[in-house]
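Enquirer: Going down the list, the sequences are from chains P and X.
If you're matching positions, the first sequence starts at 109 in our numbering and goes up one per residue.
If you're matching positions, the second sequence starts at 9 in our numbering and goes up one per residue.
Beta carbons are placed, not taken as given, at the ideal position from N, Cα and C, and that holds for glycine.
Only a predicted model underlies this, so the values are computations on that prediction, with no experimental measurement involved.
Right, I'll just put the structure down here and ask away after.
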Amino acid sequence: MEALLSLAIGVLTACGIYLALRGRTFPVVLGLTLLSYAVNLFLFAMGRLAIGQPPVIGSGLPGYTDPLPQALVLTAIVISFAMTAFVIMLALKARAELGNDHVDGEHSR
Amino acid sequence: MSHLAIAPILIPLCAGILLLLFRYLPIQLRRGFALAVTLVQLLVASLLLIKVSDGTILSYALGNWSAPFGIVLVVDRLAAWMLLVTTLLAPFPLLHACRGTDTQGQHFHVLYQLQLMGLSGAFLTGDLFNLFVFFEVLLLASYGLILHGGGRRRTESSLHYVVLNLAGSSLFLIAVGTLYGLYGTLNMADLALKMATTPAENLGPARAAALLLFGVFALKAALVPLYLWLPRAYAHTSAPVAALFAIMTKVGAYSLLRTSTLMFGAQAGGLSWLYIPWLLPLALATLLLGLLGALAARDLREQAAYLVVASVGTLLTAFALPGSDALAAGLYYLPHSTFAAAALFLLAEAISQARGTQGDRFEPGSAMPGAAWLGGLFFALTNSCCSRRRWITPCGPGFGLLSWAAACWPSLPWPAPAACSSSAPSPMWIRT
């Protein structure tokens, strides 16, 4: 399971960085989104992986899973969601005002 | 427990919400309210500084959850000082915006208050994840402000600004996650305690996380090589926004100072002084490149933006030098450079308007009306002037102190001439 999760985070990060380095705004937005997914998974894993455990401490329970990373991930998801919405609107605005969808506002020859 | 510590965050938040709710009221009323609220914030910041001026540290536990488990706000002299600088700066760009900039787009006053909330929160928080959250608050408000008024060049430059900062936020979260995974806490004081006893096998990931944090703060502070977004973004936005953003790079510098002294200071064992070998050469390179950029600038606003970069270089040089003398010099230089940079942006706008079609480009034109007044202001701002030429230099009392502090450390002889040479009047001028 650790190998699977780290592989998922690695692939998402690699794809995100590759797309974020592209020259057009839409792949860049997609890249940043993939990067934020990778970050969310990474944050989640930082509380250690525990399957089937409750996120509270109580007597008679076999153990617990750390609830704090889950709260952090929730905050991070909300923030990255808002940021993605904003950057999509900005990309559309740039497309409308600059006449093309290149991140520099013009295609270099 | 005094509730004064959370007031600098709550006041702009409530003011922003009220301004949003009453957005159909006449503009004069909203302007008056926004100005009054910034003055109240100034009062609160002064009260806080007076309260902590004897060295006490106020700690405010939100929801009364005790420190390592809950989130705390911490007010010490550094945080209160930064807060006072921010609130002293805030009314002036707002006054300038009330001359008409605020009606060129929507929700200027709301975004302005939320920006102030993000800035105050970033200075006051004692929790690393909350620092991230307040960074996002101030960034999201700044995205709205930087686009305020619209226009082709503004959209183009702010796209870079937004995308770079989004990537920076991802890196910040990776660093925060790694630190939590290693130490099980995000409270900065608690992290500092636990870092002192980092086991040898955890030193590698801890160093990686710390240097990732360094990269993120360097991006916010516009340190070389991560400063390329700043000149275009600041030069193309409206004057009041650029003036307020003079404090934005200082947030990055403050975070660098806070983490490098609190978390990676002398007591941190294998992690102590992790930033210093990176910070000093990069800060000096920033100083040099900022001044070269100011020499090569084609208009006044671009020049002011490069002077912001140069001032960040100076400030971080001070933070990287060992000893409290250099630190004191840096903290003395910080408000000076912030106010000077903000005033330069506002003045560039005034000159650009007075010169008509030539704007603020460096080309000879006819004499402009009010040249004596504006030139006099430049004189006051830049401390050096000669007839028919307006010298622009980022020097000031902070430089003298910094050079002195650098000279006091013979083990580091080379920053001293660099700091001294940069305080010489830069050979740049505009003809009006």
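Please state whether DSSP places residue 246 of chain X in a helix, a strand or coil.
Expert: Locating residue 246 of chain X in the second sequence gives position 238, where the first residue counts as 1. Here residue 246 of chain X sits in coil by DSSP.
Enquirer: Just by C-beta distance, which residues in the region 152-165 of chain X are closer than 7 Å to chain P?
Expert: The residues in question are 160, 163, 164.
Enquirer: Could you run through the region 204-228 of chain X and flag, in chain order, every residue whose CB is less than 7 Å away from some CB of chain P?
Expert: Correct list: empty, as no residue qualifies.
Enquirer: Using a Cβ-Cβ cutoff of less than 7 Å, which residues in the same chain neighbour residue 105 of chain X once the five nearest sequence positions on both sides are dropped?
Expert: Mapped onto the second sequence, residue 105 of chain X falls at position 97. Excluding positions up to five away in sequence, the list reads 116, 248.
Enquirer: Kindly indicate which residue of X:20, X:301, X:157 has the alpha-carbon position closest to the one of residue 145 of chain X.
Expert: Within the second sequence, numbered from 1, the residue matching residue 145 of chain X stands at position 137. It is X:20.
Enquirer: What does the alpha-carbon distance come out to for the pair residue 332 of chain X and residue 42 of chain X?
Expert: Counting from 1 along the second sequence, the entry for residue 332 of chain X is found at position 324. Counting from 1 along the second sequence, the entry for residue 42 of chain X is found at position 34. For residue 332 of chain X and residue 42 of chain X, the distance between alpha carbons rounds to 38 Å.
Enquirer: Does the beta carbon of residue 205 of chain P sit closer than 7 Å to a beta carbon anywhere in chain X?
Expert: Reading the first sequence from its first residue, position 97 is the one you call residue 205 of chain P. Yes, its Cβ sits closer than 7 Å to a Cβ of chain X.
Enquirer: Closer than 7 Å, Cβ to Cβ, to anything on chain X: give me those residues from the region 137-165 of chain P, in chain order.
Expert: Those residues of the region 137-165 of chain P that come within reach of chain X (Cβ to Cβ, closer than 7 Å) are 140, 143, 144, 147, 150, 151, 154.
Enquirer: Cβ of residue 185 of chain P less than 7 Å from any chain X Cβ?
Expert: Stepping through the first sequence from its first residue, residue 185 of chain P is reached at position 77. Cβ-Cβ to chain X under 7 Å: no for residue 185 of chain P.
Enquirer: Opposite residue 210 of chain P in the DSSP bridges: which residues?
Expert: In the first sequence, the residue the question calls residue 210 of chain P occupies position 102. Its beta-bridge partners are P:132.
Enquirer: Quick one: what does DSSP say residue 175 of chain X is sitting in, helix, strand or coil?
Expert: Along the second sequence, one-based indexing puts residue 175 of chain X at 167. In this structure, residue 175 of chain X counts as helix in the three-state DSSP scheme.
Enquirer: Can you grab the Cα-Cα spacing for the pair residue 119 of chain X / residue 268 of chain X, in whole Å?
Expert: By 1-based counting over the second sequence, the position of residue 119 of chain X is 111. By 1-based counting over the second sequence, the position of residue 268 of chain X is 260. Distance between the alpha carbons of residue 119 of chain X and residue 268 of chain X: 31 Å.
Enquirer: Quick one: grab the DSSP three-state call for residue 13 of chain X.
Expert: Taking the second sequence and counting its residues from 1, one reaches residue 13 of chain X at position 5. The answer is helix: DSSP assigns residue 13 of chain X an H, G or I state.
Enquirer: I'd like to know if residue 234 of chain X contacts chain P, where contact means its C-beta is closer than 7 Å to some C-beta of that chain.
Expert: Position 226 of the second sequence, counting from 1, holds the residue named residue 234 of chain X. False, the Cβ-Cβ gap to chain P never drops below 7 Å.
Enquirer: Do residue 175 of chain P and residue 162 of chain P have their CB atoms nearer than 7 Å?
Expert: As a first step, residue 175 of chain P is located in the first sequence; it is residue number 67 there, counting from the start. As a first step, residue 162 of chain P is located in the first sequence; it is residue number 54 there, counting from the start. Not in contact: residue 175 of chain P and residue 162 of chain P (Cβ atoms no closer than 7 Å).
Enquirer: Against chain A, which members of the region 174-190 of chain X pass a CB distance test of less than 8 Å?
Expert: No chain A appears in the structure shown, which is made up of the protein chains P and X.
Enquirer: On the three-pair Cβ rule with 8 Å, is the region 277-290 of chain X touching the region 197-206 of chain X?
Expert: Yes: the two stretches touch, three or more of their Cβ pairs being nearer than 8 Å.
Enquirer: Applying a beta-carbon distance threshold of less than 8 Å, which residues of chain P neighbour residue 171 of chain X?
Expert: One-based indexing of the second sequence puts residue 171 of chain X at position 163. Those are 128, 136, 140, 195, 211, listed as they occur along chain P.
Enquirer: If we ignore side chains and look at the alpha-carbon of each, how far apart do residue 177 of chain P and residue 379 of chain X end up?
Expert: Reading the first sequence from its first residue, position 69 is the one you call residue 177 of chain P. Reading the second sequence from its first residue, position 371 is the one you call residue 379 of chain X. Cα to Cα, the separation comes out at about 59 Å.
Enquirer: For residue 396 of chain X, count the other beta carbons within 10 Å of its own beta carbon; 16 or more makes it buried, fewer makes it exposed. Which is it?
Expert: Start at 1 with the first residue of the second sequence, and residue 396 of chain X comes out as number 388. Note that residue 396 of chain X has pLDDT 28, beneath the 50 cutoff, so the model's placement of it is unreliable and the number below is only indicative. Result: exposed.
Enquirer: Residues of chain P with CB under 7 Å from residue 141 of chain X, in chain order?
Expert: On the second sequence, position 133 is the one that residue 141 of chain X refers to. Per Cβ cutoff of 7 Å: 183.
Enquirer: Taking the beta strand (DSSP E) that residue 120 of chain X belongs to, which residues open and close that run?
Expert: Taking the first residue of the second sequence as 1, we reach residue 120 of chain X at position 112. Careful: residue 120 of chain X lies outside any beta strand (DSSP E), inside the alpha helix (DSSP H) at 116-132.
Enquirer: For residue 158 of chain P and residue 172 of chain P, I'd like the C-alpha separation in whole angstroms.
Expert: Walking along the first sequence from the start, residue 158 of chain P turns up at place 50. Walking along the first sequence from the start, residue 172 of chain P turns up at place 64. Those two C-alpha atoms are separated by around 8 Å.
Enquirer: Would you check if the distance between the CB atom of residue 291 of chain X and the CB atom of residue 257 of chain X is smaller than 7 Å?
Expert: Numbered from 1 along the second sequence, position 283 holds the residue referred to as residue 291 of chain X. Numbered from 1 along the second sequence, position 249 holds the residue referred to as residue 257 of chain X. No, Cβ-Cβ distance for residue 291 of chain X and residue 257 of chain X is not below 7 Å.
Enquirer: Using C-beta distances below 8 Å, list every residue in its chain close to residue 134 of chain P, excluding the 5 sequence neighbours before and after it, in chain order.
Expert: Locating residue 134 of chain P in the first sequence gives position 26, where the first residue counts as 1. Correct list, in chain order: 199, 209.
Enquirer: Could you pull out every residue in the same chain whose Cβ sits closer than 6 Å to the Cβ of residue 28 of chain X, ignoring the five residues on either side in sequence?
Expert: Translated into the one-based positions of the second sequence, residue 28 of chain X becomes position 20. If we look at residue 28 of chain X and ignore the five residues flanking it on each side, its Cβ neighbours are 118.
Enquirer: I'd like to know if the region 331-346 of chain X and the region 74-81 of chain X are in contact, where contact means that at least 3 CB-CB pairs between them fall below 8 Å.
Expert: Verdict: no, contact absent.
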